[in-house]
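Participant:
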Amino acid sequence: MCRSIKTLRPPVLPEEATEEEIRAAALQYVRKVSGFRAPAAHNSEVFDRAVDAIAEATAELLNGLEVRGAAARQAG
19 MCRSIKTLRP
29 PVLPEEATEE
39 EIRAAALQYV
49 RKVSGFRAPA
59 AHNSEVFDRA
69 VDAIAEATAE
79 LLNGLEVRGA
89 AARQAG
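Numbers in my numbering are just positions in the sequence shown, counted from 1, shifted up by 18.
(1) Since Arg41 and Val85 are thought to touch, with beta carbons under 8 Å apart, how far apart are those beta carbons, to the nearest angstrom?
(2) What residue from Thr36, Leu80, Glu39 and Val48 has the CA that sits closest to Asp66's CA?
(3) Looking only at C-alpha atoms, which of Ala44, Phe54, Glu33 and Ala56 sits nearest to Ala71?
(4) Should Thr76 be labelled buried (16 or more other beta-carbon atoms within 10 Å of its own) or exposed?
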């Protein structure tokens with residue numbers, strides 16, 4: 019689907035994803051789904067709200083994921 023969206027969780031990323039990385043992934047997703055790289059003025063509000071909502075959901079997902087073995091790798 020969105021090949022430019024990268025995995026944002028360990029062990030793919032060595033540290034926690036930044037807010038900027040999460041927002042960039044959300045933007046790529048909305049662009050792909052909507053078919054617009056940049057929305058027209060009359061669609062910008064709904065486009066921006068979608069990016070915000072997806073970024074928030076993504077952050078919630080990443081914060082809630084339990085990556086088994088990640089703590090052991092970090093300690094070692």
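Ideal placement from N, C-alpha and C gives every residue a C-beta, glycine not left out. All values reported here derive from a predicted model rather than from experimental measurement.
Facilitator: Checking against the coordinates, here is how it stands:
(1) Not really, about 22 Å apart at Cβ, beyond 8 Å.
(2) Val48
(3) Ala44
(4) With 16 or more other Cβ atoms within 10 Å, it is buried.
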